[in-house]
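Visitor:
Numbering (the numbering used here), first residue to last: 65 to 157.
Below you can see the structure in the form of structure tokens.
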């Protein structure tokens with residue numbers, strides 16, 4: 065017989081809500097791991113926001129909106145970028 069709880073709720077986790085004091089965002093999660101991940105990702109997003117100027121923020125947000133609306137586009141664009149960086153005469157054709 066195990067003494068370990070079988071579910072996150074048995075550990076005291078039902079759900080937790082992270083509320084950001086800077087922007088008011090709220091993330092509700094059901095595990096401690098998800099909570100720590102949500103806090104980390106949100107903190108990293110603020111760090112990135114702080115490093116960019118307003119024009120960079122607008123441009124980056126615009127690019128992300130396009131790519132995140134079509135993940136296959138983002139993957140294909142990265143593959144294209146890798147191919148375009150390859151040295152000339154790389155054996156195609």
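We put the CB at the ideal spot given by N, CA and C, even for glycine.
1. Is the CB-CB distance between residue 92 and residue 77 below 8 Å?
2. Can you tell me whether residue 109 is helix, strand or coil according to DSSP?
3. Quick one: give me the first and last residue of the beta strand (DSSP E) that residue 121 is part of.
4. What separation, rounded to the nearest whole angstrom, lies between the Cα atoms of residue 88 and residue 123?
5. Taking only three categories from DSSP, how would you classify residue 86?
6. Based on Cα-Cα distance, which residue from 131, 100, 98 and 107 lies nearest to residue 86?
7. Can you give me the C-alpha to C-alpha distance between residue 116 and residue 126, rounded to a whole angstrom?
Guide: In short, the structure shows the following:
1. no
2. helix
3. From DSSP, residue 121 is part of no beta strand (DSSP E) but of the alpha helix (DSSP H) over 118-133.
4. The C-alpha of residue 88 lies about 23 Å from the C-alpha of residue 123.
5. coil
6. 107
7. 14 Å
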